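According to the working numbering, the sequence shown is numbered sequentially starting from 30.
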Amino acid sequence: MSGLAVMYAALAALAVLGPEWGEGIALFVVLGASAAIAGLCLTIVGIARLAMNVDLAALAALGVLAQAEHEAGAERRAESERAAEALERFRARAAEVPGGPPRDED
């Protein structure tokens, strides 16, 4: 931004002062244009780095969520196995009760 300001100020000075100041002012035009181009390049690099950081953060968050889902799935499987074992124990105890095993009414 400041490079463009220097370049436009030098061009305005060239228009006001005339061609006899052309060599000195041309240097400022070139310096201003160079600074503007360098600023644009640095802005593009900064945006690319920012995008890369956002992608890395999203990837890290995805890993954490996947780990949490894996742990939740393991907990659900363990709970299901405990429920199946409890049902088997119930049926085994019910078979010992006079009158026979319970009927499945489902």
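Cβ coordinates follow ideal geometry from the N, Cα and C atoms, glycine included. Remember, it's a predicted structure, so these values are computed and weren't measured experimentally.
| Asked | Found |
| --- | --- |
| Under 7 angstroms between C-beta atoms of alanine 39 and glycine 61 | yes |
| Alpha carbon of alanine 65 to alpha carbon of glutamate 49, nearest angstrom | 26 angstroms |
| Alpha-carbon spacing of valine 59 relative to methionine 36, whole angstroms | 7 angstroms |
| Isoleucine 76 classed as buried or exposed, judged by whether at least 16 other C-beta atoms fall within 10 angstroms | exposed |
| Residue environment, isoleucine 54, which counts as buried when at least 16 other CB atoms sit within 10 Å | buried |
| Cα-Cα separation, alanine 101 to valine 93 | 12 angstroms |
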